[in-house]
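In the numbering used here, the protein residues as written are 10 to 187.
Remarks on the structure that follows.
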């Protein structure tokens, strides 16, 4: 099942919508169900009305994402589906990464994410993040993952589910030697 394995515990399954036999929508639906259960759906899809995403094919929901998503992958830890990440190319060697982990691994998600981030840094020497300031758990997570917070852009995040703007916390992490 694994597209690639990182260490002995973390497997990553890349989403290939056009490739037959890949369980994209099965895991996508599970991801949405878990995000609804955990109350994180709106935290991740802060710029797109989550209700729209739920009422459509999950892959189609990505078409509404503001940037072209270069890679979306499901994350498995010790065989269990625990979350997913996306990375979008923003320029030569620059990627914007987003993570979502399910409740079962909160508190240790940064340890699961670390080898994935290290692998992404080999492709994108500069990783950027953007987190609505209301997502306190997300801000704590990026700090634990070694991202440096640049600051908050006032009104930079549109929370579609609340119909209001909040600050957007911009962060980055550099590959060693950059």
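The beta carbon of each residue, even a glycine, is placed where N, CA and C say it ideally should be.
Just so we're clear, the structure is a prediction, and the values are computed from it rather than from any experiment.
Sequence-distant residues of its chain with Cβ nearer than 8 Å to residue 142 (five each side left out): Once the five neighbours on either side are set aside, the close Cβ partners of residue 142 are 148, 161, 166, 175, 176, 177 and 178.
Endpoints, the beta strand (DSSP E) within which residue 108 is located: Judged by DSSP secondary structure, residue 108 falls within the beta strand (DSSP E) whose first and last residues are 103–110.
If you count every other CB in all the chains shown that lies within 10 Å of the CB of residue 152, and 16 or more means buried, which is it? Label assigned to residue 152: exposed.
Kindly list the residues whose CB is nearer than 7 Å to the CB of residue 135, restricted to its own chain and excluding five residues on each side of it in sequence; keep chain order. The answer, listed in chain order, is 102, 103, 181, 183 and 187.
How about residue 114: is its Cβ closer than 7 Å to a heavy atom in the ligand HEM? With respect to the ligand HEM, the structure offers nothing, as it holds no ligand at all.
Roughly how many whole angstroms lie between the Cα atoms of residue 82 and residue 163? Cα-Cα distance, rounded: 30 Å.
Measure the Cβ-Cβ separation of residue 126 and residue 19 and say whether it is below 8 Å. With contacts defined as CB atoms closer than 8 Å, residue 126 and residue 19 fail to qualify as a contacting pair.
From 42, 49 and 43, pick the residue whose C-alpha is nearest to that of residue 170; which is it? Nearest option by C-alpha distance: 49.
So, using beta-carbon positions, are residue 44 and residue 53 closer together than 8 Å? Taking 8 Å as the cut-off, the beta carbon of residue 44 is found closer than this to the beta carbon of residue 53.
Report the three-state DSSP secondary structure of residue 131 (helix, strand or coil). Reduced to three states, the DSSP call for residue 131 is helix.
I need the DSSP call for residue 53, collapsed to helix, strand or coil. In the structure shown, the three-state DSSP call for residue 53 is helix.
Taking the alpha helix (DSSP H) that residue 150 falls in, what are its first and last residues? For residue 150, the uninterrupted alpha helix (DSSP H) run begins and ends at 145–153, by DSSP.
Separation of residue 94 from residue 88, as counted between CA atoms: Near 17 Å, if we compare the C-alpha coordinates of residue 94 and residue 88.
Length of the line joining the Cα atoms of residue 109 and residue 92: So the alpha carbons of these two residues sit roughly 5 Å apart.
Please work out which residues of its chain come closer than 7 Å, Cβ to Cβ, to residue 122, disregarding the five sequence neighbours upstream and downstream, and give them in chain order. In chain order, 108 and 154 place their CB closer than 7 Å to the CB of residue 122, counting only its own chain and leaving out the 5 sequence neighbours on each side.
Just to confirm the assignment, what range does the beta strand (DSSP E) spanning residue 173 have? For residue 173, the enclosing beta strand (DSSP E) stretches over residues 173–183.
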